[in-house]
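Input: a single structure, listed below in structure tokens.
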Amino acid sequence: NAGVIQTPRHKVTGKGQEATLWCEPISGHSAVFWYRQTIVQGLEFLTYFRNQAPIDDSGMPKERFSAQMPNQSHSTLKIQSTQPQDSAVYLCASSLDTGVEQYFGPGTRLTVL
Amino acid sequence: GQQVQQSPASLVLQEGENAELQCNFSSTATQLQWFYQSPGGSLVSLLSNPSGTKHTGRLTSTTVTKERRSSLHISSSQTTDSGTYLCAIEDTNTGKLTFGDGTVLTVKP
């Protein structure tokens, strides 16, 4: 079991560019979560899929952020027109279902110059 | 929404001493996890303990659900235990985790 896989591990973009982050959940896990970690805000929930369906995106900045889960083996988080305040570590987690332990990937460190 | 408070914010110990970390939360939780994060590292799940007492290695977690608090006890601390310990509560309706700000543990040799 390779755990949750996230790619790339590091990404640097210029202001206004697009960034796409990838997550491969643990095989067999039906719930996939995206979180963001910054020094100032700590760990914040962004969005959540269950059986590939979007369930809760209440933490997503509405205008430039979008997430998809086209199949059970991967999810993407896309940020359009990136801004310096988007710089953070973006974490993906998966679990067998809700109410049980979540397992986190290593994260993608996004730096927007 | 759920609020999670962790204390102390930081803790410095000599190797071999025990650590006691606290987590208080504002609403009933069906799932509670303790995580460890090394500087610049990823989140590692230590214990999942929504109620009662659980042990793994040198770690013991006790959660009193009706009092909305949990503790993490680290016995015989080692320098490699240094890092940030995070408590997270799962929202009963949505499954998302709300994290505390963490306790930064430093264990000196």
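First to last, the protein sequences are chains A and B.
In this text, residue positions in the first sequence follow the numbering used here: the first is 1, and each later residue adds one.
In this text, residue positions in the second sequence follow the numbering used here: the first is 1, and each later residue adds one.
Ideal Cβ positions, reconstructed from N, Cα and C, are used throughout, including at glycine.
Within the DSSP secondary-structure output, A:Val12 pairs in a beta bridge with A:Thr111. Annotation: the continuous beta strand (DSSP E) that includes B:Val4 extends over 4 to 7. In the three-state DSSP reduction, A:Gln85 falls in the helix class (H, G or I). B:Asp81 carries a helical assignment under DSSP once its states are collapsed to helix, strand and coil. Per DSSP, B:Gly52 is one residue of the beta strand (DSSP E) stretching across 52 to 56.
Taking a contact to require three or more Cβ pairs closer than 8 angstroms, the segment 10 to 24 of chain B and the segment 94 to 106 of chain B qualify as touching.
Setting aside the 5 residues that flank it on each side, B:Ser82 is surrounded in the same chain by Leu105, Thr106, Val107, each with a C-beta closer than 7 angstroms to its C-beta; the list follows chain order. The beta carbon of A:Leu21 sits closer than 6 angstroms to those of Leu77, Tyr90, Thr108, all from its chain and outside the five residues before and after it, given in chain order.
With contacts defined as CB atoms closer than 8 angstroms, A:Val32 and A:Ser73 fail to qualify as a contacting pair.
Contact annotation: the segment 55 to 74 of chain B does not touch the segment 59 to 70 of chain A, with fewer than three C-beta pairs closer than 8 angstroms. Between A:Pro106 and B:Ser42, the beta carbon gap of about 4 angstroms places them in contact (Cβ cut-off 8 angstroms). Around B:Thr92, the same chain offers Thr30 as residues with beta carbons nearer than 6 angstroms, after the five sequence neighbours per side are excluded. For the segment 27 to 72 of chain B, the full-length beta strand (DSSP E) segments reaching 3 residues or more read 32 to 37, 43 to 48, 52 to 56, 59 to 64 along the chain. In the same chain as A:Thr82, and ignoring 5 residues on each side of it, the C-beta atoms closer than 6 angstroms to its own belong to Thr13, Gln17, Ala19, Val112, in chain order. Closest in alpha carbon position to A:Pro61, among A:Gln41, A:Ala93, A:Thr47, is A:Thr47. Here DSSP, grouped into helix, strand and coil, assigns A:Val40 to coil.
Counting along the chain, B:Val12 sits inside the beta strand (DSSP E) bounded by residues 10 to 14. For A:Asp56, the CB contacts under 7 angstroms within the same chain, skipping 5 residues up- and downstream, are Thr47, Tyr48 in chain order. Of all residues in the segment 58 to 71 of chain A, none is placed with a Cβ closer than 7 angstroms to any Cβ belonging to chain B. DSSP, reduced to helix, strand and coil, places B:Thr98 within a strand of the structure shown. Residue contact with chain A for B:Gly95: present (Cβ-Cβ distance below 8 angstroms to some residue of chain A). Using a Cβ distance threshold of 8 angstroms, A:Pro25 and A:Val40 do not count as a contacting pair. With the criterion set as a beta carbon lying under 9 angstroms from some beta carbon of chain B, the members of the segment 97 to 108 of chain A are Asp97, Thr98, Gly99, Val100, Glu101, Gln102, Tyr103, Phe104, Gly105, Pro106, Gly107, in sequence order.
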